[in-house]
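Below: the structure, in structure tokens.
Protein chains: 2
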Amino acid sequence: MKTDFSRLRRMHERGRYDRAAMDAVLDAGYLCHIGYVVDGRPCCTPTLYWRDGDRVYWHGSRASRMLKAQRGAPVCLTVTHVDALVLARSGFHSSARYRSAMLFGRPEMIEDEAAKDALMNGFIDGLWPGRVADIRAATAKELKATSLLTMPIGEGAVKISEGPPGDDEEDYALPIWAGLLPVATVLGPPQPCPRLAEGVPLPDYLRPFAKG
Amino acid sequence: MKTDFSRLRRMHERGRYDRAAMDAVLDAGYLCHIGYVVDGRPCCTPTLYWRDGDRVYWHGSRASRMLKAQRGAPVCLTVTHVDALVLARSGFHSSARYRSAMLFGRPEMIEDEAAKDALMNGFIDGLWPGRVADIRAATAKELKATSLLTMPIGEGAVKISEGPPGDDEEDYALPIWAGLLPVATVLGPPQPCPRLAEGVPLPDYLRPFAKG
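See below:
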């Protein structure tokens with residue numbers, strides 16, 4: 002099964018359309034993988050991320066070796082959504098349909114604690130509008146213990162592979178089942194914490210997930 | 002939302018249990034991200050992979066710059082499954098539950114065409130048992146046009162984060178909804194190719210996906 006990119010849009014040739022495609026891929030996810038180098042060796046680490054305007058953000062413990070290695074160093078942040086597995090009439094044309102965004106840059110650290118708080122709250126409210134008003138506010142100690150990295154949406158590429166199997170012309174007539182096996186990510190239904198305080202209702206922003 | 006690893010198992014301290022955990026995470030997926038270095042800069046590229054015994058495999062076009070850059074060079078292959086988003090009573094303890102496997106090594110290329118064919122068929126039959134018998138066999142030209150990389154399951158780490166929100170003790174009594182928002186990947190239902198030959202039935206190995 003080869004990797005098949007039916008469309009490739011590089012950001013360094015970008016127009017508005019490419020940036021819109023980049024934003025759409027970024028906004029459809031919350032998990033990225035970041036490639037970076039530690040002692041000359043590549044590492045690829047999964048982490049949560051979010052976009053705010055022209056930047057992406059990710060965070061972790063101030064003690065995180067990953068964040069220390071990434072700060073100011075070249076990184077590659079990649080977000081991938083698999084939309085389908087492609088069952089073609091040959092193994093050669095079998096592949097996957099997916100959308101991916103790849104961003105290159107050198108992350109900076111956000112030092113200002115109020116800015117950190119606001120940005121991280123933006124991540125939470127971006128996932129569940131209104132959640133920040135419900136939760137216990139961050140303490141100064143927590144903000145200090147958290148590192149927040151960012152880089153601009155600059156150099157990068159959006160790759161979108163879509164459509165039915167692309168077989169060799171003479172293979173279409175073969176009596177072989179071919180098609181797509183769609184892949185979807187489903188969120189929900191919410192599972193309450195076993196220690197939930199009595200009488201706390203499911204918040205409105207989680208209702209859309211109640212049917213799973 | 003910080004990244005929270007409630008369990009961390011490093012393969013260099015591994016016993017049978019850790020290797021079983023590694024295999025379970027690898028076998029639950031088909032998409033990995035590979036970190037590698039091109040001209041001194043890290044890249045993080047999504048690709049399909051599979052495990053066969055003590056090795057992982059991935060492949061692509063013989064012209065692929067990615068595969069050329071990876072061959073013999075240090076890489077980090079990472080597989081991540083997000084199982085839930087954690088809505089804790091504070092942003093600080095909000096995070097994700099996930100399983101990830103990270104493998105380090107220097108990939109080799111499989112040159113023998115018969116071995117390549119058998120290994121790639123193993124990938125397809127691993128996903129859909131019996132599929133290889135149905136599809137058109139690979140041609141010599143196709144095998145030549147495909148590069149297959151492999152590395153042993155050696156140095157690496159398995160990370161598993163699970164369980165309900167881990168809040169500060171004094172926060173549990175707060176009237177704040179907390180819990181997990183489960184994340185699941187759903188495959189199916191199969192979508193036939195618009196050019197499917199007449200009368201070709203859905204194969205048995207796709208029946209389990211027919212309900213989506």
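Protein sequence lines correspond, in order, to chains A and B. Reminder that position 31 of the first sequence reads as 32 in my numbering, one-by-one numbering, no gaps. Reminder that position 174 of the second sequence reads as 175 in my numbering, one-by-one numbering, no gaps. Cβ atoms here follow ideal geometry from the backbone N, Cα and C, with glycine treated the same way. Remember, predicted model here, so these are calculated numbers, not experimental data.
| Check | Outcome |
| --- | --- |
| Which stretch, first to last residue, makes up the beta strand (DSSP E) that contains G106 (chain B)? | 96-106 |
| If you check the beta carbons only, do R98 (chain B) and V87 (chain B) fall under 9 Å apart? | yes |
| Please confirm whether A64 (chain B) and V39 (chain B) have their CB atoms less than 9 Å apart. | no |
| May I ask which residues mark the beginning and end of the beta strand (DSSP E) holding R42 (chain A)? | 42-53 |
| For L128 (chain A) and L120 (chain B), what's the separation of their Cα atoms in angstroms? | 41 Å |
| Indicate the three-state DSSP secondary structure (helix, strand or coil) for I161 (chain A) in the structure shown. | strand |
| When you compare only the Cα positions, how much space is there between R72 (chain B) and S96 (chain A)? | 21 Å |
| Closer than 9 Å, CB to CB, is D19 (chain A) near chain B or not? | no |
| Among all the DSSP beta bridges, which residues are the ones paired with S91 (chain A)? | B:R137 |
| Could you check if V184 (chain A) is buried or exposed, using at least 16 other CB atoms within 10 Å of its CB as the buried criterion? | buried |
| In angstroms with no decimal places, state the Cα-to-Cα distance between G16 (chain B) and D53 (chain B). | Low confidence applies to G16 (chain B): its pLDDT is 48, below 50, so where it sits in the model is not reliable, and the reading given next is rough at best. Approximately 19 Å between the Cα atoms of the pair. |
| Against chain B, which members of the segment 28-48 of chain A pass a CB distance test of less than 9 Å? | Y31, L32, C33, H34, I35, G36, Y37, V38, G41, R42, P43, C44, C45, T46, P47, T48 |
| For T46 (chain B), which residues of its own chain have a beta-carbon under 8 Å away from its beta-carbon, when the five flanking residues on both sides are left out? | H34, I35, Y37, M67 |
| If the criterion is Cβ atoms closer than 9 Å, does the pair G106 (chain B) and P130 (chain B) meet it? | no |
| Any idea what DSSP makes of P204 (chain A), helix, strand or coil? | coil |
| For chain A, check one thing: does any of its Cβ atoms lie closer than 9 Å to the Cβ of D1 (chain B)? | As shown, chain B starts at 2 and ends at 213. That puts residue 1 (chain B) outside it, with no answer to give. |
| So what's P190 (chain B) in DSSP terms, helix, strand or just coil? | coil |
| Kindly list, in the order they appear in chain B, the residues whose Cβ is closer than 7 Å to that of R196 (chain A). | Y173 |
| Any beta carbon from chain A within less than 9 Å of P202 (chain B)'s own beta carbon? | yes |
| Could you tell me whether the Cβ atoms of G1 (chain A) and P166 (chain A) are closer together than 9 Å? | Because residue 1 (chain A) is not part of the residues shown, which for chain A are 2 to 213, the question remains open. |
| Using a Cβ-Cβ distance cut-off of 9 Å, determine whether V187 (chain A) contacts chain B. | yes |
| Any beta carbon from chain A within less than 9 Å of M110 (chain B)'s own beta carbon? | no |
| Can you tell me the Cα-Cα spacing of S162 (chain A) and H82 (chain A), whole angstroms? | 10 Å |
| Nearest chain B C-beta to Y58 (chain A) closer than 9 Å, yes or no? | no |
| List, in chain order, every chain B residue whose beta-carbon is nearer than 9 Å to that of P191 (chain A). | L88, W178, G180, L181, L182, P183 |
| Name, going along the chain, the residues of the segment 116-129 of chain B whose beta-carbon falls closer than 9 Å to a beta-carbon of chain A. | D118, M121, N122, F124, I125, L128, W129 |
| Against P165 (chain A), what residues of chain B qualify as contacts under a CB-to-CB distance less than 7 Å, listed in chain order? | C194, P195 |
| Let's test the definition: count the other Cβ atoms within 10 Å of the Cβ of G92 (chain A) and tell me whether it reaches 16, buried, or not, exposed. | buried |
| Inspect the beta-carbon positions of R90 (chain B) and I154 (chain B) and report whether they are closer than 9 Å. | no |
| With DSSP collapsed to three states, give me the class of I177 (chain B). | coil |
| Where D5 (chain B) and W178 (chain A) are concerned, what is the direct C-alpha to C-alpha distance, given to the nearest angstrom? | Its pLDDT being 45, under 50, D5 (chain B) is placed unreliably in this model, and the coordinates cannot settle the point. |
| Can you give the Cα-Cα distance for V159 (chain A) and M103 (chain B), rounded to whole angstroms? | 25 Å |
| With distances taken from CA atoms, which of B:G189, B:G123, B:L207 is nearest D84 (chain A)? | B:G189 |
| Give the residues of chain B in contact with V83 (chain A), contact being defined as C-beta atoms less than 7 Å apart. | L32 |
| Pull up the distance between the alpha-carbon of A174 (chain A) and that of L197 (chain B), whole angstroms please. | 8 Å |
| Since I35 (chain A) sits in a beta bridge, which residues does DSSP pair it with? | A:T46, A:L78 |
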